[in-house]
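Trainee: Following the working numbering, the numbering of the sequence shown begins with 4 at its first residue and continues without gaps.
Heads up, the beta-carbon is just placed ideally off N, CA and C, and yes, glycines get one too.
Following this message is one structure expressed as structure tokens.
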Amino acid sequence: MGIFKGRPVSILGSGMYVPDRILTNDDLEKIVDTNDEWIRTRTGIAERRVAADDQVTSDLAYLAAVEALKASNVSPEELDMVIVATNTPDTIFPAVAAKVQGRLSANNAGASDIQSGCTSSVYALSFAAAGIASCIWDKVLVIGAEVLTRLLNWEDRTTCVLFGDGAGAVVLGVSPDGKNRVLSTSLKSDGTKSDLIILPGGLVECPASVEMIEKKLHTIHMKGNEVFKFVNKVLPSFLEEFCRESGLSLGDVNWWVFHQANYRIIESVLKRLDISMDKAIVNIDKYGNTSAATVFLAFHEALVDGRIKKGDKVIFVSFGSGMTYGATLVEV
């Protein structure tokens with residue numbers, strides 16, 4: 004748990020990009036043994052976006068970044084760092100962040116990727132805020148971007164119905180008026196559960212081979228029921244402690260921006276905390292699970308449409324492969 008000290012850090016602007024192609028539940032019914040009612044009941048998802056064949060993660064990240072920079076009135080040359088949270092890099096190296104930094108001509112910035120499962124964006128946001136608070140950087144571009152549909156087994160209805168492609172971005176800096184201030188953060192992990200969500204094939208542990216492809220080890224494998232149990236076990240007490248150490252009661256929080264993994268998970272965790280779903284920002288019905296992009300997509304949409312207002316206290320909550328989880332408090 005950390006309350007940011009030093010210089011005040013604010014979200015100066017945000018942006019997003021989702022591909023044009025929409026894949027509905029009815030479309031999926033033609034691909035795999037499933038139907039709209041089955042998917043909606045278990046996940047809350049109605050449709051998701053799919054990147055074009057010629058699009059990769061860095062393309063989505065770049066387009067979200069351009070919008071965030073415009074909204075924050077920050078030029079690429081002013082950036083000190085570009086951080087991309089992703090689990091679906093174009094290539095293992097170079098980093099997606101390096102490609103985005105180059106495409107933006109952010110010539111004064113460093114670049115790095117963060118890969119911590121779906122919690123990657125909360126990790127990246129926290130690292131960026133810490134760097135600004137401690138005067139290492141002045142302005143940092145943080146992007147969550149994924150092209151998950153390339154890593155799915157389209158014969159496995161338990162995973163292929165869940166995921167979508169997209170990118171969200173924020174620009175962090177020191178704001179004189181303190182608007183959208185990042186106040187505190189907490190990052191956790193339980194590595195003993197690292198087998199719950201995994202893409203096992205293609206790298207050092209399981210190098211590329213014909214056998215690897217035949218066994219679908221190059222696609223996402225997930226123990227969904229165990230993930231649900233884990234999240235419901237650890238998140239309620241974690242969030243209670245996070246609020247307490249941030250000087251808040253649960254009732255002081257105006258909005259909860261959860262990782263959009265599954266509507267039922269969000270609903271279950273909030274029910275355990277006796278918090279109404281009316282306080283949750285939810286857009287999983289439109290985009291599915293975009294992993295590291297979800298919290299930035301949800302925050303940006305709620306900020307733009309006016310649901311999140313000046314003075315609101317907003318908590319970003321995420322969890323993912325690792326099993327990582329974390330939360331960040333922002334006062335708008």
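Residue range of the alpha helix (DSSP H) that Lys102 falls in?
Mentor: Segment Val99 to Leu107, the alpha helix (DSSP H) holding Lys102.
Trainee: Taking Cβ to Cβ, would you say Asn286 is nearer than 8 Å to Ala301?
Mentor: Cβ distance < 8 Å, so Asn286 and Ala301 count as in contact.
Trainee: With a cut-off of 8 Å on the beta carbons, I'd call Thr46 and Leu165 a contact; round off their distance for me.
Mentor: That belief holds up - the Cβ atoms of Thr46 and Leu165 are roughly 6 Å apart, short of 8 Å.
Trainee: The beta strand (DSSP E) spanning Ala112 covers which residue range?
Mentor: No beta strand (DSSP E) contains Ala112, which DSSP labels as neither H nor E.
Trainee: Cα separation between Lys313 and Trp259?
Mentor: Straight-line Cα distance between these residues: approximately 15 Å.
Trainee: Tell me which same chain residues have a C-beta within less than 6 Å of the C-beta of Asn156, skipping the five on either side of it?
Mentor: Closer than 6 Å at Cβ, skipping near neighbours: Lys219 and Thr222.
Trainee: Would you call the CB atoms of Arg160 and Val35 closer than 8 Å?
Mentor: Cβ distance < 8 Å, so Arg160 and Val35 count as in contact.
Trainee: Between the C-alpha atoms of Asn110 and Ala68, what's the straight-line distance to the nearest angstrom?
Mentor: Straight-line Cα distance between these residues: approximately 15 Å.
Trainee: Spatial neighbours of Ala126 within its chain, please: CB distance less than 8 Å, with the 5 preceding and 5 following residues excluded, ordered by chain position.
Mentor: Reading off the sequence, residue 126 comes out as Tyr, not Ala. Excluding sequence neighbours, Tyr126 sits near Ala88, Ile117, Ser119, Leu190, Thr327 and Gly329.
Trainee: To which residues of the same chain is Arg106 closer than 6 Å at the C-beta, ignoring the five residues directly before and after it?
Mentor: Counting only Cβ-Cβ distances below 6 Å, and skipping sequence neighbours, we find Tyr65.
Trainee: Going residue by residue through the stretch 240-304, where are the continuous alpha helix (DSSP H) segments of at least 4 residues, counting only ones entirely within it?
Mentor: Whole alpha helix (DSSP H) segments, 4+ residues: 266-275 and 287-290.
Trainee: Taking just the CA atoms, how far does Gly176 sit from Arg184?
Mentor: The alpha-carbon atoms of Arg184 and Gly176 are separated by roughly 9 Å.
Trainee: Less than 8 Å between the C-beta atoms of Ser324 and Ile146, yes or no?
Mentor: Result no, Cβ atoms of Ser324 and Ile146 do not sit closer than 8 Å.
Trainee: What is the residue span of the beta strand (DSSP E) that Asp180 lies within?
Mentor: Looking at the DSSP string, Asp180 is not in any beta strand (DSSP E), and its letter there is neither H nor E.
Trainee: Are the beta-carbon atoms of Phe233 and Leu276 separated by less than 8 Å?
Mentor: No; because the gap between Cβ atoms is not below 8 Å, this pair is not in contact.
Trainee: Is it buried or exposed for Ser279, if we count other Cβ within 10 angstroms and need 16 for buried?
Mentor: Counting Cβ neighbours within 10 Å, Ser279 comes out exposed, since fewer than 16 surround it.
Trainee: Around the Cβ of Val85, are there at least 16 other Cβ atoms within 10 angstroms (buried) or fewer (exposed)?
Mentor: Classification of Val85: buried, given that the 10 Å Cβ count is 16 or more.
Trainee: Should the stretch 95-103 be called in touch with the stretch 128-136, which here means at least 3 C-beta pairs below 8 Å?
Mentor: Output reads no: the stretch 128-136 does not touch the stretch 95-103.
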